[in-house]
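One structure is given below, encoded as C-alpha coordinates.
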(Lines of atoms letter the chains of each structure in order from A; the text may use other names.)
(Lines give C-alpha, C1' and ligand atoms only; values in the text may rest on other atoms or scores of the structure.)
Protein backbone atom coordinates (compact mmCIF):
# COMPACT_ATOMS: atom_id res chain seq x y z
CA UNK A 3 0.00 0.00 0.00
CA UNK A 4 1.58 3.24 -1.14
CA UNK A 5 1.41 6.62 0.54
CA UNK A 6 -1.28 7.84 -1.87
CA UNK A 7 -3.45 4.85 -0.91
CA UNK A 8 -2.85 5.55 2.78
CA UNK A 9 -3.82 9.19 2.31
CA UNK A 10 -6.93 8.12 0.43
CA UNK A 11 -7.82 5.59 3.13
CA UNK A 12 -7.42 8.20 5.88
CA UNK A 13 -9.34 10.84 3.94
CA UNK A 14 -12.23 8.47 3.24
CA UNK A 15 -12.24 7.39 6.88
CA UNK A 16 -12.46 11.03 7.98
CA UNK A 17 -15.43 11.57 5.66
CA UNK A 18 -17.09 8.38 6.91
CA UNK A 19 -17.61 10.25 10.18
CA UNK A 20 -19.72 12.88 8.43
CA UNK A 21 -19.49 15.71 5.95
CA UNK A 22 -16.43 17.91 6.33
CA UNK A 23 -15.01 20.97 4.63
CA UNK A 24 -11.49 20.98 3.23
CA UNK A 25 -9.67 22.37 6.23
CA UNK A 26 -11.33 19.79 8.51
CA UNK A 27 -9.67 16.98 6.56
CA UNK A 28 -6.50 18.88 5.78
CA UNK A 29 -5.51 19.43 9.42
CA UNK A 30 -5.46 15.79 10.64
CA UNK A 31 -3.90 14.57 7.38
CA UNK A 32 -1.10 17.15 7.60
CA UNK A 33 -0.52 16.06 11.22
CA UNK A 34 -0.31 12.37 10.23
CA UNK A 35 1.66 13.02 7.02
CA UNK A 36 3.66 16.22 7.68
CA UNK A 37 5.72 15.88 4.51
CA UNK A 38 2.60 16.03 2.33
CA UNK A 39 1.82 19.30 0.59
CA UNK A 40 -1.56 20.91 1.17
CA UNK A 41 -2.03 21.07 -2.59
CA UNK A 42 -1.61 17.29 -2.86
CA UNK A 43 -4.41 16.71 -0.36
CA UNK A 44 -6.75 19.05 -2.21
CA UNK A 45 -5.80 17.37 -5.50
CA UNK A 46 -6.68 14.01 -3.93
CA UNK A 47 -10.05 15.43 -2.82
CA UNK A 48 -10.74 16.64 -6.38
CA UNK A 49 -9.72 13.25 -7.79
CA UNK A 50 -12.03 11.42 -5.42
CA UNK A 51 -14.87 13.61 -6.64
CA UNK A 52 -14.04 12.99 -10.29
CA UNK A 53 -13.99 9.25 -9.55
CA UNK A 54 -17.44 9.44 -7.97
CA UNK A 55 -16.17 8.48 -4.50
CA UNK A 56 -17.16 11.82 -2.97
CA UNK A 57 -19.57 14.60 -3.72
CA UNK A 58 -19.59 18.17 -2.49
CA UNK A 59 -21.91 21.05 -1.73
CA UNK A 60 -21.55 24.65 -0.61
CA UNK A 61 -22.84 25.77 2.79
CA UNK A 62 -22.52 28.90 4.95
CA UNK A 63 -19.15 29.20 6.64
CA UNK A 64 -20.24 30.48 10.05
CA UNK A 65 -19.89 34.20 9.45
CA UNK A 66 -17.34 33.89 6.68
CA UNK A 67 -17.63 32.87 3.06
CA UNK A 68 -19.43 29.70 2.06
CA UNK A 69 -17.43 26.50 2.47
CA UNK A 70 -17.21 23.49 0.20
CA UNK A 71 -18.26 20.40 2.16
CA UNK A 72 -17.33 16.90 1.03
CA UNK A 73 -19.25 13.70 1.66
CA UNK A 74 -18.82 10.04 0.81
CA UNK A 75 -20.93 8.49 -1.90
CA UNK A 76 -21.95 4.82 -1.77
CA UNK A 77 -19.02 4.14 -4.12
CA UNK A 78 -16.75 5.94 -1.67
CA UNK A 79 -17.94 3.73 1.18
CA UNK A 80 -17.20 0.65 -0.93
CA UNK A 81 -13.71 2.00 -1.72
CA UNK A 82 -13.15 2.66 1.99
CA UNK A 83 -13.98 -0.97 2.75
CA UNK A 84 -11.64 -2.14 -0.02
CA UNK A 85 -8.74 0.01 1.17
CA UNK A 86 -9.41 -0.96 4.78
CA UNK A 87 -9.20 -4.64 3.89
CA UNK A 88 -5.92 -4.05 2.03
CA UNK A 89 -4.53 -2.14 5.00
CA UNK A 90 -5.46 -4.87 7.48
CA UNK A 91 -3.93 -7.52 5.24
CA UNK A 92 -0.68 -5.57 4.89
CA UNK A 93 -0.58 -4.78 8.62
CA UNK A 94 -1.02 -8.47 9.47
CA UNK A 95 1.64 -9.54 6.97
CA UNK A 96 4.16 -7.07 8.39
CA UNK A 97 3.30 -8.09 11.95
CA UNK A 98 4.01 -11.72 11.03
CA UNK A 99 7.67 -10.68 10.64
CA UNK A 100 7.72 -9.25 14.14
CA UNK A 101 7.55 -5.64 12.99
CA UNK A 102 5.28 -3.54 15.14
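Numbering (our numbering), first residue to last: 3 to 102. The C-beta atom is built at its ideal place from N, Cα and C for all residues, glycine as well.
Within the model, the alpha-carbon separation for residue 85 versus residue 77 is close to 12 angstroms. If you draw a straight line from the Cα of residue 70 to the Cα of residue 23, it is about 6 angstroms long. Within the DSSP secondary-structure output, residue 74 pairs in a beta bridge with 56. Per DSSP, the continuous alpha helix (DSSP H) segment holding residue 30 begins and ends at 24-34. Residue 19 carries a coil assignment under DSSP once its states are collapsed to helix, strand and coil. Shown here, residue 49 sits in a helix according to DSSP, grouped into three states. Of all alpha-carbon atoms in 14, 98, 32, 89, the one lying nearest the alpha-carbon of residue 48 is that of 14. Distance from residue 56 to residue 82 at the Cβ level is roughly 11 angstroms; contact not present, criterion being Cβ atoms closer than 8 angstroms.
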